[in-house]
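>
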Amino acid sequence: MVLAAGLGTRMRPVSDHLPKPLIEIAGQTLLDHAIERLEAAGVERVVVNLHYKGDMIAARLARRSRPRIELSREETLLETGGGVKHALPLLGDSFFVVNGDIMWLDALQPALRRLASAFNPKKLDAVLLLQRTVTAIGYEGRGDYFLDAAGTPRRRGEREIAPYIFAGIQILHRRLFGGVDDTVFSLKRLYDRAEDAGRLAAIVHDGEWFHVGTPEGLDRTRARLAELRTAR
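What the sequence shown shows, in my numbering, is residues 9 to 240, in sequence order.
1. Could you tell me how far apart the beta carbons of E82 and L99 are, in whole angstroms, since I believe they sit closer than 8 Å?
2. Give the secondary structure of T37 by DSSP, where H, G and I count as helix, E and B as strand, and everything else as coil.
3. Roughly how many angstroms lie between the CA atoms of S23 and V51, to the nearest whole one?
4. Can you give me the C-alpha to C-alpha distance between M9 and H181, rounded to a whole angstrom?
5. Smallest Cα separation from N107: which of P161, R230, G221, L184?
6. Buried or exposed: which applies to V142, given that a residue is buried once 16 or more other Cβ atoms fall within 10 Å of its Cβ?
7. Let me confirm a value: I169 is counted as buried when at least 16 other C-beta atoms fall within 10 Å, else exposed. Which label applies?
8. CB A95 to CB V55, shorter than 8 Å?
9. Would the C-beta of A234 count as close to the ligand PLP, meaning under 7 Å from any of its heavy atoms?
10. Figure out for me which residue from W217, A210, R162, R122 has the closest Cα to the Cα of A48.
11. CA-CA distance, K61 and G225?
12. If Q117 and H213 are in contact, beta carbons under 8 Å, what's the gap, nearest whole angstrom?
13. Assign F154 to one of three DSSP states: helix, strand, or coil.
14. Using a 10 Å radius around the Cβ and a threshold of 16 neighbouring Cβ atoms, would you call H219 buried or exposed?
15. Taking the alpha-carbon positions, what's the L11 to T88 distance?
16. Threshold first: 4 residues or longer. Then list the alpha helix (DSSP H) segments lying entirely within the stretch 48-81, N to C.
17. Just how far apart, CA to CA, sit H97 and V135?
18. Starting from the Cα of A175, find the closest Cα among S80, F104, G206, G90 and give me that residue.
19. For G91, name the three-state secondary structure that DSSP assigns.
20. Could you check if L198 is buried or exposed, using at least 16 other CB atoms within 10 Å of its CB as the buried criterion?
As structure tokens, then:
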């Protein structure tokens, strides 16, 4: 699943006329970058949720012949957790979820395949991809997670600064949503529940990662990709 329903308020004025997932970088939209990574990992069907300027996104997706695209329209914004919960009838037991405002470059092994290898559906409800805070392009914040010696993630406290951020790429099991009656909620709530139950894991991305959430982040992403092309 690709999360593409957000309003993109921090991306204004760009997002006033264009939904954030349709911003083009290196000749492709962020949405197409994500879908092609999923397809390369063997995903044959991708669910995309829609709300803000959803018809524009749907029209763009209609150009694709593969993988198979299914739309999950939200009449009101459901946030990340509510959006995935709403789409569960279209999803399998275990599935990738990718944010629509990020982009990443893989190293030797694709990040999605590394996530799949780290996921044991009998023992885990979620595996998150983390990025080192100091190497994240377009991110300014206090981080999200610590990792202990065994690689077990712990969400930072309110006054802490963490060395890793959640990279907006994950693999989830549908049972993570069991017993949740709310329709509007963040996935963070479910990560915390999985962490408390010892059913949350994480791996660290070994390539470059870009947060395209603001005009400044967009500029920094494009500048960095231009540097990489020049260096080749």
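Here a beta-carbon is modelled for each residue, glycine too, at the ideal position from N, C-alpha and C.
From the atom records:
1. Not a contact, Cβ separation roughly 15 Å.
2. strand
3. 29 Å
4. 12 Å
5. G221
6. exposed
7. exposed
8. yes
9. Among the components of this structure there are no ligands whatsoever, and the ligand PLP is therefore not found.
10. R122
11. Spanning the two alpha carbons is a distance of roughly 21 Å.
12. Not a contact, Cβ separation roughly 11 Å.
13. Looking at F154 - three-state DSSP - the assignment turns out to be strand.
14. buried
15. 7 Å
16. When DSSP assignments are scanned along the stretch 48-81, the uninterrupted stretches of alpha helix (DSSP H) that are 4 or more residues long and fall wholly within it turn out to be 62-69.
17. In the sequence under discussion, the amino acid at residue 97 is Pro, which differs from the His named in the question. Computed Cα separation, rounded: 21 Å.
18. F104
19. helix
20. buried
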